[in-house]
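In the working numbering, the protein residues as written are 365 to 856. The beta carbon of each residue, even a glycine, is placed where N, CA and C say it ideally should be. Input: a single structure, listed below in structure tokens.
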Ligand SMILES: Cc1cc2nc3c(=O)[nH]c(=O)nc-3n(C[C@H](O)[C@H](O)[C@H](O)COP(=O)(O)O)c2cc1C
Ligand code: SF4
């Protein structure tokens, strides 16, 4: 499992197809996602670009970003994880109110225009729980710690001093703020220690919090509303975000130990997901594309494994979803400790490395690394008689890789996130027999580093010929003035 110090694995050699070979390839054959037909089996998975306004409205930069991906005419683009709740969440798109509809409608129009109707645009819809930045110890002890008798008892034992029973709370707080980590370990609960060292983070298991307890009553309606808005805005479908570190994935996780019927057993853990699917279907009808992204493996201790994913896949297929997109890892549970003032980022630990694997992940490298998970799920749902397509992603960056996955029946659709970021025209170049012009992703995650810092995402390869001291007039530039916001144009 992924230590980033492993020597880099070389990129797979690429033999690109001629136009005729591409025309005959499975990769460029149509596929159905329930009610919609997709012209080719090429897919740009969701990638947040950090380009919306602070209140989640679509900007010109969003339009240009998705328009640029659409110029490469993939079968499908999935627009970034878009919030279904009307709460502040930084420059990520939101679909939590009617006021977002004009911007979202324009976005759909732009993608359809730019791809001349070839590309289907889905939108990924997401719910997430509160995550706070790692506090200064003084702030944590003064503001966040709820002082209890257990703390006083632990302090008494740790300092062998009985006076802690009666010490005023502010004195106790000040003492802890100035204490050493060993004292903190002795006095705080495991959860409080985590809040101190990583920042406060809510979990679906926190059923003592009323708003967490009532998630099963709230979320189906919120997802349903969002899906209805997606349909109204003209999106070709929705992708329910049941993957990575977010609320719905946490319900599916084996670490979900809720005792209210929505956790504990596998049936309990999948129950809310099925209720969300049902609510969405009821709202948008059978003639609208509804699929989902979830994890083939959480890659955390005590987490869900491929057996769970196979069982869930069958449940989702029975519930009538139109596609399954399989991802891996990306959890908070094993993420690295953030610096003070920063929030924990779910792609920094071993599970995160599996989610966006780099050339240094291990000796197997990132290339097609997650395919076996999609293959296991696909094989089980096919055996049960379901025809819905399965999307795989993770280090797919050559024609031969992609075509082999399809020919072997391991997946039905090829998702390429970072390779498409490096070169949004890469599918089109392959289709036109001009693969030797593909700008190849190097899988070292400069883009992910920007995402982590909540900076506008770009690819380092775009800047190779960019002169920041003398930028072309009219070229959109990042806030820091150092990077171009869009890849160079390509003439087909
Ligand atoms: C900058 C960036 C942003 C991402 N944002 C999302 C997201 O919003 N939703 C999601 O499901 N995955 C997201 N991902 C993960 C990708 O969709 C994809 O699963 C991952 O990068 C592995 O595929 P790849 O090797 O083809 O890049 C993001 C990846 C990157 C690099
Ligand atoms: S920044 Fe690096 S990893 Fe990201 S898309 Fe570009 S080449 Fe690939």
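Proximity test, residue i beta-carbon vs ligand 1 heavy atom, cut-off 7 Å
i	result
residue 647	no
residue 653	no
residue 701	no
residue 906	Nothing can be reported for residue 906: it is not among the residues displayed for the chain, which extend from 365 to 856.
residue 675	no
residue 780	yes
residue 409	yes
residue 607	yes
residue 488	yes
residue 821	yes
residue 459	no
residue 545	no
residue 815	yes
residue 720	yes
residue 664	no
residue 710	no
residue 617	no
residue 657	yes
residue 758	yes
residue 715	no
residue 412	yes
residue 730	yes
Per-residue DSSP class, three states only, for residue i
i	result
residue 365	Unreliable positioning characterises residue 365 in this predicted model, as indicated by a pLDDT of 43, which lies under 50. A coordinate reading is not provided.
residue 332	Shown here, the chain extends from 365 to 856; a query on residue 332 therefore has no answer.
residue 724	coil
residue 397	strand
residue 784	helix
residue 836	coil
residue 495	strand
residue 379	coil
residue 850	coil
residue 512	coil
residue 373	coil
residue 488	strand
residue 692	strand
residue 841	strand
residue 414	coil
residue 735	helix
residue 704	coil
residue 576	helix
(Q) Beta-carbon distances below 6 Å to any heavy atom of ligand 2 define the shell here; list its residues in chain order, please. (A) The chain-ordered list of residues whose CB is nearer than 6 Å to some heavy atom of ligand 2 reads 782, 785, 786, 805, 806, 807, 808, 809, 810, 811, 823, 824, 825.
Q. Can you list, in chain order, the stretches of the alpha helix (DSSP H) that have 4 or more residues and sit fully within the stretch 600-673?
A. You should have 611-616, 630-648.
Q) Do the stretch 388-395 and the stretch 796-808 make contact, defined as three or more Cβ pairs closer than 8 Å? A) no
Q. Which runs of the alpha helix (DSSP H) spanning at least 4 residues fall entirely within the stretch 495-567, listed in chain order?
A. Taking 4 residues as the shortest admissible run, the stretch 495-567 contains the following complete alpha helix (DSSP H) segments, listed from N- to C-terminal end: 513-523, 533-541, 545-551, 554-562.
Q) Curious, which full-length alpha helix (DSSP H) runs of at least 4 residues does the stretch 754-821 contain? A) Within the stretch 754-821, the complete alpha helix (DSSP H) runs of at least 4 residues are 763-771, 782-786, 790-795, 810-816.
Q: Taking 8 Å as the threshold, find out whether the stretch 597-608 comes into contact with the stretch 476-491 through three or more Cβ pairs.
A: In the pairwise beta carbon analysis, the stretch 597-608 is classified as touching the stretch 476-491: at least three pairs are separated by under 8 Å.
(Q) I'd like the ranges of any beta strand (DSSP E) spanning at least 3 consecutive residues and lying wholly in the stretch 417-499. (A) Taken in chain order, the whole beta strand (DSSP E) runs of length 3 or more contained in the stretch 417-499 are 440-447, 484-490.
(Q) Pairs of beta-carbons, one from the stretch 605-625 and one from the stretch 553-571, closer than 8 Å: are there three or more? (A) Contact between the stretch 605-625 and the stretch 553-571 is established, with three or more Cβ pairs separated by less than 8 Å.
Q: Count the CB pairs spanning the stretch 581-597 and the stretch 529-543 that are closer than 8 Å, and state whether there are at least three.
A: no
Q: Decide yes or no for the touch test of the stretch 413-428 against the stretch 466-478: beta carbon pairs closer than 8 Å, at least 3 of them.
A: yes
Q) Is the stretch 675-689 touching the stretch 648-663, taking contact as three or more C-beta pairs under 8 Å? A) yes
Q | Contact the stretch 516-525 vs the stretch 626-633: 3+ CB pairs below 8 Å | A | no
Q: Count the CB pairs spanning the stretch 399-412 and the stretch 431-438 that are closer than 8 Å, and state whether there are at least three.
A: yes
Q) Counting Cβ pairs, one atom from each stretch, are 3 or more of them under 8 Å apart for the stretch 667-674 and the stretch 754-767? A) no
Q) Quick one: any contact between the stretch 609-619 and the stretch 470-487, if contact means 3 or more CB pairs under 8 Å? A) no
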